[in-house]
Amino acid sequence: MPALPQYLTVQTKGIYHGLPVFPQSLKGLSAIVTGANGISGDHMMRVLAESPERWTNIYAMSRRPPAVQRKWVANFKHLPLDFLNSSPEELAKSMKDNGVKADYVFFFSYVQAEPKEGQGLWSDAEEMTRVNVSLLRNFLDALKLSGIIPKRVMLQTGAKNYGVHLGPTINPQHESDPRVTLESNFYYPQEDMLFEYCRQTGAGWNVVRPSSILGAVKDAAMNLVYPLGVFGAVQSYLGQPMVYPGDLNSFQAVQDMSTAMMNGYLEEWAVLTPAAANEAFNACDNSQFTFGKFWLRLAKWYGVGYELPDENAEYQAVQTPYEPPPRGFGPRATHRFRYTFSEWASKPEVQAAWKDLMKKHNLESNPFSNEKNRERIFGFADGMMLGVTALQFNMDKAHKLGFFGTVDTVESMRKVLEEFAELKMLPPLRESTGPSL
Numbered sequence: 001m002p003a004l005p006q007y008l009t010v011q012t013k014g015i016y017h018g019l020p021v022f023p024q025s026l027k028g029l030s031a032i033v034t035g036a037n038g039i040s041g042d043h044m045m046r047v048l049a050e051s052p053e054r055w056t057n058i059y060a061m062s063r064r065p066p067a068v069q070r071k072w073v074a075n076f077k078h079l080p081l082d083f084l085n086s087s088p089e090e091l092a093k094s095m096k097d098n099g100v101k102a103d104y105v106f107f108f109s110y111v112q113a114e115p116k117e118g119q120g121l122w123s124d125a126e127e128m129t130r131v132n133v134s135l136l137r138n139f140l141d142a143l144k145l146s147g148i149i150p151k152r153v154m155l156q157t158g159a160k161n162y163g164v165h166l167g168p169t170i171n172p173q174h175e176s177d178p179r180v181t182l183e184s185n186f187y188y189p190q191e192d193m194l195f196e197y198c199r200q201t202g203a204g205w206n207v208v209r210p211s212s213i214l215g216a217v218k219d220a221a222m223n224l225v226y227p228l229g230v231f232g233a234v235q236s237y238l239g240q241p242m243v244y245p246g247d248l249n250s251f252q253a254v255q256d257m258s259t260a261m262m263n264g265y266l267e268e269w270a271v272l273t274p275a276a277a278n279e280a281f282n283a284c285d286n287s288q289f290t291f292g293k294f295w296l297r298l299a300k301w302y303g304v305g306y307e308l309p310d311e312n313a314e315y316q317a318v319q320t321p322y323e324p325p326p327r328g329f330g331p332r333a334t335h336r337f338r339y340t341f342s343e344w345a346s347k348p349e350v351q352a353a354w355k356d357l358m359k360k361h362n363l364e365s366n367p368f369s370n371e372k373n374r375e376r377i378f379g380f381a382d383g384m385m386l387g388v389t390a391l392q393f394n395m396d397k398a399h400k401l402g403f404f405g406t407v408d409t410v411e412s413m414r415k416v417l418e419e420f421a422e423l424k425m426l427p428p429l430r431e432s433t434g435p436s437l
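See the structure below:
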């Protein structure tokens with residue numbers, strides 16, 4: 001491992017603190033960003049665009065053009081590529097025809113397979129594996145055919161690496177924790193494929209694993225903040241309190257969140273740091289967070305009352321599927337909730353309230369447009385909030401190698417809500433400043 005300097009310089013950018021400072025001599029780099037329309041790809045491009053002398057050529061790859069039009073300072077080019085339904089030869093031809101060169105690759109492409117009937121968002125694990133492994137395979141094969149050999153390929157996966165979607169895990173989560181093989185998980189064959197590609201080509205690799213990702217983009221799928229903002233805005237409009245859906249256990253469970261911009265800062269640092277080559281990293285805000293304390297702030301921001309968990313209330317209960325759970329011992333977890341966001345979103349008075357809000361604030365997004373749209377948006381919130389167990393990412397590896405980025409998760413969530421309002425997807429917050437709790 002290369003020797004690390006005794007002293008490191010860090011910087012602040014807005015709400016983001018402890019960010020790395022790179023040598024001014026590091027300039028003229030090119031990058032491929034795949035999945036450029038998604039929450040992670042969009043924010044990765046925002047991070048790279050902050051340093052136009054360092055990143056002089058950015059190739060954004062996605063099926064559709066970026067939904068949010070930004071003023072890019074760096075040389076930005078979009079390639080409309082479909083990694084799933086195009087052959088590697090077709091992808092390589094497009095890359096060659098467009099003169100693509102890439103010192104670094106940031107891979108965020110992802111397909112959400114349809115869940116099994118009546119089951120959770122990630123229930124069809126086999127289909128999830130089939131489509132997402134195909135995405136990466138076709139892309140890596142296209143790189144070979146086009147003669148592009150990057151210095152480093154960054155693959156973003158996530159917290160499901162530790163089996164958190166299948167039940168309780170051992171806390172904190174370390175990058176070296178063993179794989180959870182209770183059911184198919186596309187992260188593992190993707191990693192193995194990347195390792196083999198790098199062995200064959202001499203490229204380096206990084207794998208980055210964020211938790212729940214916070215950020216504002218036009219596509220609201222796989223986004224926790226957007227449905228919470230819709231919920232707060234509608235309850236405020238109806239003059240009804242925000243009833244916390246879970247029990248006391250979920251209310252006070254410590255969670256690590258992963259702001260998309262902070263993930264991007266870590267991923268840029270990882271690929272540009274020699275000592276970080278061929279390493280996996282957790283990615284989180286380094287900010288202790290509970291849904292319980294956030295719930296009080298969210299209610300304040302929308303100027304509405306709230307109800308706390310109540311043991312005398314009527315709760316539904318579901319158990320996690322495996323015993324022993326991913327931690328390898330002990331019983332499965334039981335999650336209790338008073339209602340689901342999906343149930344709430346199906347109420348006629350809720351949908352009518354949103355139509356009124358759309359007219360009043362000239363909103364361009366309707367998460368209630370059809371049952372499938374409701375389920376993919378509010379079902380994701382159910383998966384994130386109603387199945388809560390402690391999730392704490394160990395960040396020692398990144399810290400030891402020189403990354404100290406941090407952001408206050410609650411500040412970040414407020415900023416994301418404000419950005420959704422700017423995108424005409426949410427009404428503005430009722431309170432102009434956040435409370436001190």
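Residue numbers are given in UniProt numbering: position 348 of the sequence shown equals residue 348, and the series is strictly consecutive.
Just so you know, even glycine gets a beta-carbon here, dropped at the ideal spot from N, CA and C.
Keep in mind it's a predicted model, so treat the numbers as computed, not measured.
Kindly indicate which residue of 190, 76 and 350 has the alpha-carbon position closest to the one of residue 130.
-> Taking the sequence shown and counting its residues from 1, one reaches residue 130 at position 130. The residue with the shortest Cα to Cα distance from residue 130 is 190.
Mind the definition here: the region 196-209 touches the region 354-368 only if three or more C-beta pairs lie below 8 Å; say whether that holds.
-> no
Who are the near neighbours of residue 148 in its chain, counting only those whose CB is closer than 6 Å to its CB and skipping five residues on each side?
-> Sequence index remark: in the sequence shown, residue 148 carries index 148 (1-based). Excluding residues within five positions, the ones whose Cβ falls inside 6 Å are 102.
With contact counted as at least three CB pairs below 8 Å, one residue from each stretch, are the region 158-174 and the region 218-227 in contact?
-> no
For residue 201 versus residue 286, is the C-beta distance shorter than 7 Å?
-> Translated into positions along the sequence shown, residue 201 becomes position 201. Translated into positions along the sequence shown, residue 286 becomes position 286. Contact: no.
Ends of the beta strand (DSSP E) at residue 17?
-> Taking the first residue of the sequence shown as 1, we reach residue 17 at position 17. Unbroken beta strand (DSSP E) run through residue 17: 16-20.
Give every residue of the same chain whose Cβ lies closer than 8 Å to the Cβ of residue 289, excluding the five residues on either side of it in the sequence, and list them in chain order.
-> For the purposes of this step, residue 289 is identified with residue 289 of the sequence shown, where counting begins at 1. The residues are 254, 255, 256, 257, 409 and 410.
Regarding residue 181 and the ligand NAP, is the C-beta to nearest heavy atom distance less than 6 Å?
-> Although the ligand NAP was asked about, the structure shown includes no ligands whatsoever.
Simplified DSSP assignment, three categories, for residue 58 = Looking up residue 58 in the sequence shown gives position 58. Strand at residue 58.
Cβ-based neighbour list, residue 193, same chain, cut-off 8 Å, excluding 5 preceding and 5 following | Along the sequence shown, one-based indexing puts residue 193 at 193. 133, 136, 137 and 140.
Is the region 376-395 close to the region 226-238, with three or more CB pairs under 8 Å?
-> yes
Are the region 177-190 and the region 338-348 touching by the rule of at least three beta carbon pairs closer than 8 Å?
-> no
For residue 238, collect the residues of the same chain with a Cβ closer than 6 Å to its Cβ; drop the 5 residues on either side in sequence, then sort them by chain order.
-> Taking the sequence shown and counting its residues from 1, the one referred to as residue 238 is at position 238. Cβ within range, chain order: 353.
Report yes if the CB atom of residue 10 is closer than 7 Å to the CB atom of residue 404, and no otherwise.
-> Counting from one through the sequence shown, the residue named residue 10 turns up at place 10. Counting from one through the sequence shown, the residue named residue 404 turns up at place 404. Taking 7 Å as the Cβ cut-off, residue 10 and residue 404 qualify as a contacting pair.
Counting along the chain, where does the alpha helix (DSSP H) carrying residue 39 start and finish?
-> Position 39 of the sequence shown holds residue 39. Unbroken alpha helix (DSSP H) run through residue 39: 39-49.
For residue 150, the nearest candidate out of 197, 47, 163 and 126 (CA to CA) = Here residue 150 is taken as the residue at index 150 of the sequence shown, counted from 1. That would be 197, whose Cα lies nearest to the Cα of residue 150.
Can you name, in chain order, every residue of its own chain whose Cβ lies under 7 Å from the Cβ of residue 330, other than the five neighbours on each side?
-> The sequence position of residue 330 within the sequence shown is 330, counting from 1. The answer, listed in chain order, is 324.
Alpha-carbon to alpha-carbon, residue 128 and residue 166 | Position 166 of the sequence shown holds residue 166. Position 128 of the sequence shown holds residue 128. About 15 Å.
Do you know whose CA, among 26, 85 and 66, lies nearest residue 51's CA?
-> Within the sequence shown, residue 51 is the residue found at index 51, counting from 1. When only C-alpha atoms are compared, the closest one is 26.
To which residues of the same chain is residue 114 closer than 8 Å at the C-beta, ignoring the five residues directly before and after it?
-> Along the sequence shown, read from residue 1 onward, the residue named residue 114 stands at position 114. Closer than 8 Å at the Cβ level, and outside the excluded window around residue 114, lie 124 and 127.
Looking at C-alpha atoms only, which residue of 303, 248, 262 and 369 is the closest neighbour of residue 310?
-> Taking the sequence shown and counting its residues from 1, the one referred to as residue 310 is at position 310. The shortest Cα separation from residue 310 among 303, 248, 262 and 369 belongs to 248.
Could you spell out where the alpha helix (DSSP H) holding residue 169 opens and where it closes?
-> Counting from 1 along the sequence shown, the entry for residue 169 is found at position 169. Premise fails: residue 169 is in no alpha helix (DSSP H) and is neither H nor E.
If we call anything under 7 Å between Cβ atoms a contact, is residue 282 one with residue 395?
-> Numbered from its first residue, the sequence shown carries residue 282 at position 282. Numbered from its first residue, the sequence shown carries residue 395 at position 395. Yes.
Ordered along the chain, which non-local residues of its own chain (more than five positions away) have a Cβ less than 6 Å from that of residue 235?
-> For the purposes of this step, residue 235 is identified with residue 235 of the sequence shown, where counting begins at 1. Excluding positions up to five away in sequence, the list reads 242 and 304.
Do you know offhand how far residue 351's Cα is from residue 368's?
-> Counted from its first residue, the sequence shown places residue 351 at position 351. Counted from its first residue, the sequence shown places residue 368 at position 368. Computed Cα separation, rounded: 6 Å.
Quick one: what's got a C-beta closer than 6 Å to residue 83's C-beta in the same chain, skipping five residues either side?
-> By one-based count along the sequence shown, residue 83 stands at place 83. Closer than 6 Å at the Cβ level, and outside the excluded window around residue 83, lie 109, 135, 138 and 139.
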